[in-house]
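These notes concern the structure reproduced below.
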Amino acid sequence: AQKVTQAQTEISVVEKEDVTLDCVYETRDTTYYLFWYKQPPSGELVFLIRRNSFDEQNEISGRYSWNFQKSTSSFNFTITASQVVDSAVYFCALSEARGDTGRRALTFGSGTRLQVQP
Amino acid sequence: DTGVSQDPRHKITKRGQNVTFRCDPISEHNRLYWYRQTLGQGPEFLTYFQNEAQLEKSRLLSDRFSAERPKGSFSTLEIQRTEQGDSAMYLCASSLTRGGTGVGNEQFFGPGTRLTVL
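In order, the protein sequences belong to chains A and B. End of the first sequence sits at 119 in this note's numbering; the numbers just go up one at a time, nothing left out. End of the second sequence sits at 119 in this note's numbering; the numbers just go up one at a time, nothing left out.
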């Protein structure tokens, strides 16, 4: 069965520090998708990135970057030069594509709460 | 595009009462998902619809829970005989699938309905 582990429950950094949020996943499927979502204090989940299992290229979007490594089943998220507005809970999620029975829904990790202090 | 909306945003009820939540997805989205999120945890999948067909139900969805999407547009989630353990945030998400399995399509989340069972 699929599983997503975010071992870091809470991280606190000072503004402008870099921070990496870890995500480790388990799946028996060879085709799957990984996601990161942000949940700010307002509560609404905001999509950040999607990655499929065949694309191990790292991605950078502004201050955000993602490192996908199939060899270690990890999909880590780095925020460079963190800002107070980055304070939120961040979730890593997985969906599988096992033919017609592939799970369309997302399996989420338990989240990492990031607090960025001014 | 107004995004995914949910109503009500908050619901307080007494144990044993029935409650119903509504979700309006993004208008052209054919897939609709329900998740439940308890404090300090990631969202957990409950059920999903493709158009009006309910295609998957989680084991979390006990027989006290029922969901409908009668015309393939809005959806309702009803909980009968509520229990204190039902207290949680109920999240709705929608996505657009154009053929294929639709796995990996971005899910857009609503603000959620926070249920408190006294």
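Every residue, glycine too, gets a C-beta built ideally from N, C-alpha and C. Note that the structure is a prediction, hence the values are computed from the model and not measured.
8 Å Cβ cutoff, residue i in contact with chain A
i: B:Leu-40; result: no
i: B:Gly-73; result: no
i: B:Pro-112; result: yes
i: B:Glu-57; result: yes
i: B:Tyr-34; result: yes
i: B:Tyr-49; result: yes
Spatially closest choice to residue i from the options, by CA coordinates
i: B:Lys-58; options: B:Ser-96, B:Cys-93, B:Ile-80, B:Trp-35; result: B:Trp-35
i: B:Phe-75; options: B:Leu-62, B:Leu-40, B:His-30; result: B:His-30
i: A:Tyr-65; options: A:Tyr-91, A:Gln-9, A:Ala-2, A:Tyr-26; result: A:Tyr-91
i: A:Ser-122; options: A:Leu-95, A:Val-117, A:Tyr-34, A:Phe-69; result: Any answer about residue 122 of chain A is impossible in this case: the structure gives chain A only from 2 up to 119.
i: A:Leu-107; options: A:Pro-119, A:Val-15, A:Asp-87, A:Tyr-26; result: A:Tyr-26
i: B:Arg-82; options: B:Cys-93, B:Lys-12, B:Gln-7, B:Arg-16; result: B:Arg-16
i: A:Val-5; options: B:Pro-44, B:Thr-3, B:Val-5; result: B:Pro-44
i: A:Ala-82; options: A:Asn-68, A:Thr-10, A:Arg-51, A:Val-14; result: A:Val-14
i: B:Thr-3; options: B:Gly-111, B:Arg-115, B:Leu-116; result: B:Gly-111
i: B:Arg-70; options: B:Tyr-91, B:Asp-64, B:Thr-48, B:Gln-85; result: B:Thr-48
i: B:Tyr-91; options: B:Phe-109, B:Thr-14, B:Phe-46, B:Asp-64; result: B:Phe-46
i: A:Gly-63; options: A:Glu-45, A:Arg-114, A:Ile-50; result: A:Ile-50
For residue i, the residue or residues it bridges with in DSSP
i: A:Val-47; result: A:Lys-39
i: A:Lys-4; result: A:Glu-27
i: B:Ile-27; result: Paired residues: none, contrary to the question.
i: B:Leu-33; result: B:Phe-50, B:Ser-95
i: A:Phe-69; result: A:Phe-76
i: B:Asp-8; result: B:Arg-23
i: A:Asn-53; result: A:Tyr-34
Proximity test, Cβ basis, 8 Å: residue i and chain B
i: A:Glu-27; result: no
i: A:Glu-45; result: yes
i: A:Phe-55; result: no
i: A:Leu-120; result: Any property of residue 120 of chain A remains undetermined from this structure, which presents chain A solely from 2 to 119.
i: A:Phe-69; result: no
Proximal residues of chain B, C-beta to C-beta of residue i below 8 Å
i: A:Phe-76; result: The premise fails here: A:Phe-76 is roughly 14 Å from chain B at the closest Cβ pair, so nothing lies under 8 Å.
Partners in chain A for residue i, counting only beta-carbon separations shorter than 8 Å
i: B:Pro-44; result: Leu-46, Phe-92, Leu-107, Phe-109
Proximal chain B residues relative to residue i, where beta-carbon distance stays under 7 Å
i: A:Gly-63; result: Near A:Gly-63 there are no residues of chain B at all, since even the closest Cβ is about 18 Å away, more than 7 Å.
8 Å Cβ cutoff, residue i in contact with chain D
i: A:Ala-8; result: In summary, chain D is missing from the structure at hand, where the protein chains are A and B.
Requested in this report: Tell me, please, whether the region 67-87 of chain A touches the region 20-29 of chain A by the rule of three or more beta-carbon pairs shorter than 8 Å.
Outcome: yes
Report task. Would you check if the region 36-43 of chain A and the region 17-32 of chain B touch, i.e. whether three or more CB-CB distances between them fall below 8 Å? Result -> no
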